[in-house]
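Asker:
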Ligand code: FES
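Numbering (my numbering), first residue to last: 79 to 237.
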């Protein structure tokens, strides 16, 4: 008989007390498990975690976990009802999706010359400025912190 016991940071498989497997030290999502006579094989898919903070301090920070790779920060905001304007629809042709990447920029697709041009046109650009629609998450175990500029200062649409 197999029992699967897990907490957010640990998983253990046991087969009649004979097989144990543990030591997963970060958030994960199991998506495949098979039993082959004497061995249990498990493959784990880790997921990114994005913490959103807001320049408008009346909005509480939001942490989104279980974010897959290959989607943009803008898409994460859209899927989680976080207000971030995006007038051009996410094609790097405006600067309304401007965000500040506070941590984890190494997990994002590199900034392009075109994106830099539009970042320069954003309100209050800083060194950590990016366009949310161009920040594609590259790694599934990414941990990223994003500050959303005060959207009341930006003329644009949310959805
Ligand atoms: S939505 Fe226009 S550049 Fe991102």
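Where a beta carbon is used, it is the ideal one built from N, C-alpha and C, also for glycine.
Treat the numbers as computed from the prediction; the structure is a model and nothing was measured.
Ends of the beta strand (DSSP E) at residue 180?
Answerer: Where residue 180 is concerned, the enclosing beta strand (DSSP E) stretches over 176-181.
Asker: Classify residue 171: buried if its beta carbon has 16 or more other beta carbons within 10 angstroms, exposed otherwise.
Answerer: The residue is exposed, with fewer than 16 neighbouring Cβ atoms inside 10 Å.
Asker: With respect to the beta strand (DSSP E) encompassing residue 48, which residues constitute its N-terminal and C-terminal limits?
Answerer: Absent from the model: residue 48. The displayed extent of the chain is 79 to 237, so no value can be given.
Asker: So for residue 197, helix, strand or coil by DSSP?
Answerer: Reduced to three states, the DSSP call for residue 197 is helix.
Asker: Using a Cβ distance threshold of 8 Å, determine whether the segment 133-146 contacts the segment 204-214, with at least three qualifying pairs required.
Answerer: No: the two stretches stay apart, fewer than three of their Cβ pairs being nearer than 8 Å.
Asker: Can you tell me whether DSSP reads residue 130 as helix, strand or coil?
Answerer: Of the three classes helix, strand and coil, the one that applies to residue 130 here is strand, per DSSP.
Asker: Does DSSP classify residue 186 as helix, strand or coil?
Answerer: Strand at residue 186.
Asker: Please confirm whether residue 208 and residue 183 have their CB atoms less than 9 Å apart.
Answerer: Yes.
Asker: Would you kindly work out how many angstroms separate the C-alpha atoms of residue 98 and residue 126, rounded to a whole number?
Answerer: The pLDDT assigned to residue 98 is 35, lower than 50, so where the model puts this residue is not dependable, and the model offers no usable value.
Asker: If you draw a straight line from the alpha carbon of residue 137 to that of residue 160, how long is it in whole angstroms?
Answerer: When rounded, the distance between both Cα atoms is 10 Å.
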